[in-house]
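Protein chains in written order, with our numbering: chain A, 1 to 221; chain B, 1001 to 1221. Glycine residues also receive a C-beta, built at the ideal position from the N, C-alpha and C atoms. Treat the numbers as computed from the prediction; the structure is a model and nothing was measured. Everything on this sheet refers to the single structure shown next.
Number of protein chains: 2
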Amino acid sequence: MSPSRRFKDEVFEQFARIGKAVASPKRLELLDILCQGPRTVEVLADQACLSLANASQHLQVLRASRLIEAEKGGLYVTYRLAPGVEGFYLGLRGLAESRLAEVEATTRAFLAARGALEAVDAAEVLRRALSGAVTVLDVRPVEEFQAGHLPNARSVPLAELRARLTELPRDREVVAYCRGPYCVLAIEAVRVLREEGFTALRLDTGPPDWRAAGVALAAGP
Amino acid sequence: MSPSRRFKDEVFEQFARIGKAVASPKRLELLDILCQGPRTVEVLADQACLSLANASQHLQVLRASRLIEAEKGGLYVTYRLAPGVEGFYLGLRGLAESRLAEVEATTRAFLAARGALEAVDAAEVLRRALSGAVTVLDVRPVEEFQAGHLPNARSVPLAELRARLTELPRDREVVAYCRGPYCVLAIEAVRVLREEGFTALRLDTGPPDWRAAGVALAAGP
DNA sequence: TCAGTAATCAATAGATTACTTGATTATACG
DNA sequence: CGTATAATCAAGTAATCTATTGATTACTGA
């Protein structure tokens, strides 16, 4: 075999390490979760519905291909995305959305089943959310809100929403968001809000998308 | 299992179709080749050093994940990249380059073995090539040159280089390029040119990279 | 209609991968 | 020092993937 053939084989073998890392749905879900910020193994396993051992193994695969980094602090190991990986993941996701009709079909079917199909343009909802003309709700857990949120959003985790409805003005439209297009918190939040008589819309993007799009996010409480 | 868990599983399963498609070094090499333009199965098999049947199977995997499209014309089937795939591939390659030290190590070792290690900055070489101050050689086969090339490049396929050296002015620096950073044609061309007394440099990017960077390419003869 | 060529299909063996289970390591804390 | 907890390791099985081989299909042109 020629030296240049061997060279190419070696180089593409390396490229394929990245490909193999993202060849598993569960590893992609782990990356998706890590786009929200660093997490411990336990939390990742829980959110992705994996056994602890299985999650640990997937995380080690991702780590071996350098897509994530681990940091040990006391009893816990915290994993975080490596630089450049968020953009790559969003690119992969976007390619799947644009090339694989099944993604949209599945999403539509799921939304339809909960009566959440919207006729409103996503960019328009984001514009309204940024304009200050509507009440913007971040329905993720508080820690995630604090790690980064839309400038004029207020944190009302889904679990607390019903109890805190009195905080919300009834004469303004509400826009709710969560982690991104495939997170279900905001869908549920909009359902609750409408049930209670609010005019509510879902913003079907999340902090990772906005960061990639260059939207300035706020942090802290 | 909850409906939202099922929904997520289905969605990430779809995303993983893209991941699985790029989990094989040979499929990545096929995508790399297809970045240069549409090709028949035979040509792809030949360039990627695959048996015809094996190449066909890999192409069908890529096609099933919608990364490439096939068009049958007479006896030949021509495959081409689907929209958005070139950018995704370059993103994956870039991530591998930035995250996997082995890629650079392998490349450096290969270049060093042929005495082709350069101390010149890649962006600077491209600037010179675009400036018109140097002779720019496109050493790929003529068809590829015609499909798209740097504005002031001239086509001198590597196979013809020695025979056509008299066409080149000896008092100007020569910059040679080929398909991209992992194509070896330009490396060889620079070796030949230096052997013959020219001052020659290699431009280690190619048409796909320039398209992605927004450089206007010329087409035709 | 028949021969020749491009491409695909089908079947297979060998390698790789995913998930489970039970054991083990490392750290914190009483 | 011993116990509890987070995480990893190790081994085994089932499933999946890769490359090869030989057969088959689809089209061209004599």
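Along chain B, in chain order, which residues have C-beta atoms closer than 7 Å to that of residue i?
{"i": "I18(A)", "result": "L1092, L1095, A1096"}
What are the boundary residues of the beta strand (DSSP E) that residue i is part of?
{"i": "E1144(B)", "result": "Taken as a continuous stretch (DSSP letters only), E1144(B) belongs to no beta strand (DSSP E), being part of the alpha helix (DSSP H) at 1142 to 1147."}
{"i": "L81(A)", "result": "76 to 81"}
{"i": "G1073(B)", "result": "1068 to 1073"}
{"i": "Y177(A)", "result": "174 to 177"}
{"i": "R1154(B)", "result": "1153 to 1155"}
Identify the contact partners of residue i in chain A, using a Cβ-Cβ distance below 8 Å as the criterion.
{"i": "V1103(B)", "result": "V11, Q14, F15"}
{"i": "A1113(B)", "result": "P3"}
{"i": "F1088(B)", "result": "G91, L92, L95"}
{"i": "A1082(B)", "result": "R99"}
{"i": "Y1079(B)", "result": "Result: empty, since nearest Cβ-Cβ is about 15 Å, beyond 8 Å."}
{"i": "V1043(B)", "result": "Ordered by position in chain A, no residue passes the 8 Å Cβ test against V1043(B), which lies about 16 Å from the chain."}
What is the C-beta distance between residue i and residue j, in whole angstroms, given that I count them as a contact (C-beta under 8 Å)?
{"i": "V174(A)", "j": "V139(A)", "result": "Between V139(A) and V174(A) the Cβ distance is about 10 Å, and since that is not below 8 Å, they are no contact."}
{"i": "V11(A)", "j": "T1107(B)", "result": "7 Å"}
{"i": "V192(A)", "j": "L150(A)", "result": "With 8 Å as the limit, V192(A) and L150(A) do not qualify as a contact, their Cβ atoms being about 20 Å apart."}
{"i": "A1176(B)", "j": "R1194(B)", "result": "Not confirmed; about 11 Å, so no contact."}
{"i": "R63(A)", "j": "L1100(B)", "result": "Not a contact, Cβ separation roughly 13 Å."}
{"i": "L1111(B)", "j": "L1117(B)", "result": "5 Å"}
The alpha helix (DSSP H) with residue i in it runs from where to where?
{"i": "E86(A)", "result": "85 to 99"}
{"i": "S1131(B)", "result": "1122 to 1131"}
{"i": "G19(A)", "result": "3 to 21"}
{"i": "S56(A)", "result": "52 to 64"}
{"i": "V1139(B)", "result": "V1139(B) -> no alpha helix (DSSP H), and no H or E assigned at all."}
{"i": "V190(A)", "result": "185 to 195"}
{"i": "L201(A)", "result": "Careful: L201(A) lies outside any alpha helix (DSSP H), inside the beta strand (DSSP E) at 200 to 202."}
{"i": "A213(A)", "result": "207 to 213"}
{"i": "E42(A)", "result": "41 to 47"}
{"i": "R27(A)", "result": "25 to 34"}
{"i": "A159(A)", "result": "158 to 161"}
Please tell me whether residue i has its Cβ less than 7 Å away from any Cβ of chain A.
{"i": "L1050(B)", "result": "no"}
{"i": "R1202(B)", "result": "no"}
{"i": "R1140(B)", "result": "no"}
{"i": "F1007(B)", "result": "yes"}
{"i": "P1169(B)", "result": "no"}
{"i": "P1025(B)", "result": "yes"}
Are the Cβ atoms of residue i and residue j separated by less than 7 Å?
{"i": "G76(A)", "j": "T40(A)", "result": "Correcting the residue type first, residue 76(A) is Tyr in the shown sequence and not Gly. In this structure, T40(A) lies closer than 7 Å to Y76(A) by Cβ."}
{"i": "P1141(B)", "j": "T1078(B)", "result": "no"}
{"i": "L1137(B)", "j": "L1158(B)", "result": "no"}
{"i": "L1044(B)", "j": "L1030(B)", "result": "yes"}
{"i": "E1013(B)", "j": "P25(A)", "result": "yes"}
{"i": "L1067(B)", "j": "A1082(B)", "result": "yes"}
{"i": "K1020(B)", "j": "A23(A)", "result": "yes"}
{"i": "Q1036(B)", "j": "R1179(B)", "result": "yes"}
{"i": "A1096(B)", "j": "F15(A)", "result": "yes"}
{"i": "L1168(B)", "j": "E1196(B)", "result": "no"}
{"i": "A219(A)", "j": "G132(A)", "result": "no"}
{"i": "S56(A)", "j": "G1084(B)", "result": "no"}
{"i": "H1058(B)", "j": "R1080(B)", "result": "no"}
{"i": "E86(A)", "j": "P208(A)", "result": "yes"}
{"i": "A1200(B)", "j": "V1190(B)", "result": "yes"}
Would you mind telling me which residues of chain B sit closer than 8 Å to residue i, beta carbon to beta carbon, in chain order?
{"i": "G132(A)", "result": "Near G132(A) there are no residues of chain B at all, since even the closest Cβ is about 31 Å away, more than 8 Å."}
{"i": "R66(A)", "result": "R1099, L1100"}
{"i": "T106(A)", "result": "F1007, E1010, V1011, Q1014"}
{"i": "V136(A)", "result": "Residues of chain B passing the Cβ test: none, with the nearest at roughly 23 Å."}
Does any C-beta atom of chain B lie closer than 7 Å to the C-beta of residue i?
{"i": "L28(A)", "result": "yes"}
{"i": "A219(A)", "result": "no"}
{"i": "Y177(A)", "result": "no"}
{"i": "Y76(A)", "result": "no"}
{"i": "V190(A)", "result": "no"}
{"i": "V22(A)", "result": "yes"}
{"i": "V120(A)", "result": "no"}
{"i": "V184(A)", "result": "yes"}
Cβ of residue i versus every heavy atom of the ligand ATP: is any distance shorter than 6 Å?
{"i": "A109(A)", "result": "This structure simply doesn't include the ligand ATP, nor any ligand for that matter."}
Quick one: which chain B residues come within Cβ less than 9 Å of residue i?
{"i": "R110(A)", "result": "It should be noted that the sequence gives Phe, not Arg, for residue 110(A). Within 9 Å Cβ-Cβ: P1003, S1004, R1006, F1007, E1010, V1011."}
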